[in-house]
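If you want our numbering, it's the 1-based position in the sequence shown plus 881. We put the CB at the ideal spot given by N, CA and C, even for glycine. Working notes, beginning with the structure itself.
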Amino acid sequence: MQMMLVALSQADFIGFVEHFNEQFTFVDHAIELGPKEKQHLIDFLILNRELFPNSKKQTTSSVAVVTRS
């Protein structure tokens, strides 16, 4: 988990997504979007970084929480 968070904080989205197995669930509840393929998740994370460059990430147990500003 820590390696995933390091990859995410360094904008290494490919490295982050590589830690998921083939069947994963990812849902952005703020915009009700849930990509089901790894490449779609990578594209989503890249676009999210471009649209919200000042967003902050924090972890709560095993859940990463992103706050957009």
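Cβ pair residue i, residue j closer than 8 Å
i, j, result
"Leu-928", "Phe-894", "no"
"Phe-897", "Ala-911", "no"
"Phe-901", "Lys-919", "yes"
Boundaries of the alpha helix (DSSP H) in which residue i is found, first to last residue
i, result
"Val-887", "883-890"
"Asn-902", "Segment: none, Asn-902 is in no alpha helix (DSSP H) and carries neither H nor E."
"Phe-925", "919-932"
Residues of its chain near residue i, where Cβ-Cβ distance is below 7 Å and the 5 sequence neighbours each way are ignored
i, result
"Ala-953", "Because the chain spans 882 through 950 in this model, residue 953 falls outside it and cannot be assessed."
"Ile-923", "Phe-894, Ile-895, Val-898"
Sequence-distant residues of its chain with Cβ nearer than 8 Å to residue i (five each side left out)
i, result
"Gly-915", "Thr-906, Phe-907, Val-908, Asp-909"
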